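Below you'll find the structure, written out as structure tokens, and then a few comments.
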Ligand SMILES: Cc1cc2nc3c(=O)[nH]c(=O)nc-3n(C[C@H](O)[C@H](O)[C@H](O)COP(=O)(O)OP(=O)(O)OC[C@H]3O[C@@H](n4cnc5c(N)ncnc54)[C@H](O)[C@@H]3O)c2cc1C
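Numbering (our numbering), first residue to last: 154 to 427.
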């Protein structure tokens, strides 16, 4: 008789952890298969440190095979699920398609960043969701410093040194803090910048930052610490091109970061599930 197979789609926090637990608990003849687009799990809470260069990207990933050594790990992207035949179809790294049948299916493919929450965001903001995002963001900020160091126009120099973080929850506040620490620590190496100073603007909807905190006093403490170094602004805000309008009439140029800014439930767009 063919062994029962449990397929877990997605090898992130949920999928890799579940695979490891299942392997310890189910009978030996039950096969646990993880199909994940990535061969590693990303420790997302430390992506802000990667963006701010206090950690390397390698420090925040864990090989999936190491996390769930007894599971069968396939690095591939699931494209559809057939609920009638109990089969998943996936695309392998070489672009070819395969199918695999299951007795039980677990969908753990995470969520995706939704940049449509603020008009113009998709075209102009950076996201912080993957290790690549963290590295690109850090590189981009440094690249703006390099550009500013050769820029003769004072206003343009200041624009290049301004970062706006949209979203003042945990991730936005951490990203703003780490990026601003980096900006301040590299500034002395750019004597050409003269009196231009790095500037960080955090935009948050609602009455307080880090609304995840249960107590207002913690949000107030976070805001106080942040204000010692950065500007905190309340919406409404909107932006056109590289111009951002916040708190009424004031317009500023920016390098935007939207850390998570609204997520949709599944990133996969898999067929067969609705
Ligand atoms: C910057 C940042 C900071 C965060 N900080 C915190 C924090 O401090 N505390 C906290 O509790 N949470 C935090 N989170 C949230 C946390 O990362 C998520 O809640 C968690 O990752 C969700 O786990 P998951 O397994 O559902 O999805 P993920 O960890 O995103 O894993 C999904 C996996 O599925 C794979 N996948 C997606 N689609 C497919 C497909 N079609 N086929 C195959 N594989 C697929 C992906 O490649 C990925 O490996 C943070 C998130 C971010 C972005």
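Glycine residues also receive a C-beta, built at the ideal position from the N, C-alpha and C atoms.
The structure displayed is predicted, hence computed values, not measured ones.
Spatial distance of residue 199 from residue 286 (CA atoms): 12 Å
Given residue 333 as reference, the closest of 370, 290, 179 and 347 once Cα atoms are compared: 290
For residue 250, three-class secondary structure by DSSP: strand
DSSP three-state assignment for residue 431, whether helix, strand or coil: Not covered by the structure: residue 431. The range shown for the chain is 154 to 427.
Residue of 244, 217 and 173 minimising C-alpha distance to residue 159: 173
Coil, strand or helix - residue 271 by DSSP: The answer is coil: DSSP assigns residue 271 none of H, G, I, E or B.
Any 3 or more C-beta pairs closer than 8 Å across the stretch 233-242 and the stretch 348-358: no
contact_flag[the stretch 214-230, the stretch 170-189] where n(CB pairs < 8 Å) is 3 or more: The answer is yes - the stretch 170-189 touches the stretch 214-230, with three or more Cβ pairs under 8 Å.
Residue 166 beta carbon near ligand 1 (any heavy atom closer than 6 Å): yes
Helix, strand or coil at residue 363 according to DSSP, with G and I counted as helix: coil
Contact check, residue 315 vs residue 352, beta carbons under 7 Å: Inclusion of residue 315 and residue 352 in the CB contact set at 7 Å is warranted, their separation being smaller than that value.
Paired residues, beta bridge with residue 162 - DSSP: Under the DSSP definition of a beta bridge, residue 162 partners with 188 and 260.
Reduced DSSP secondary structure (H/G/I, E/B, other) of residue 175: helix
Straight-line gap, residue 268 to residue 277 (C-alpha atoms, nearest Å): 10 Å
Residue 286 CB to nearest heavy atom of ligand 1 below 6 Å: Relative to ligand 1, even the nearest heavy atom lies 6 Å or more away from the CB of residue 286.
Among 157, 279, 295 and 345, nearest to residue 303 - alpha-carbon criterion: With distances taken between Cα atoms, residue 303 lies closest to 345.
Cβ-heavy atom distance, residue 191 to ligand 1, below 6 Å: yes
Residues near residue 452 in its chain [Cβ-Cβ closer than 7 Å; skip 5 each side]: Residue 452 lies beyond the range of the chain shown here (154 to 427); nothing can be said about it.
Where residue 331 sits in the DSSP three-state scheme: helix
Cβ-Cβ separation, residue 163 to residue 284 (assumed contact under 8 Å), whole Å: With 8 Å as the limit, residue 284 and residue 163 do not qualify as a contact, their Cβ atoms being about 16 Å apart.
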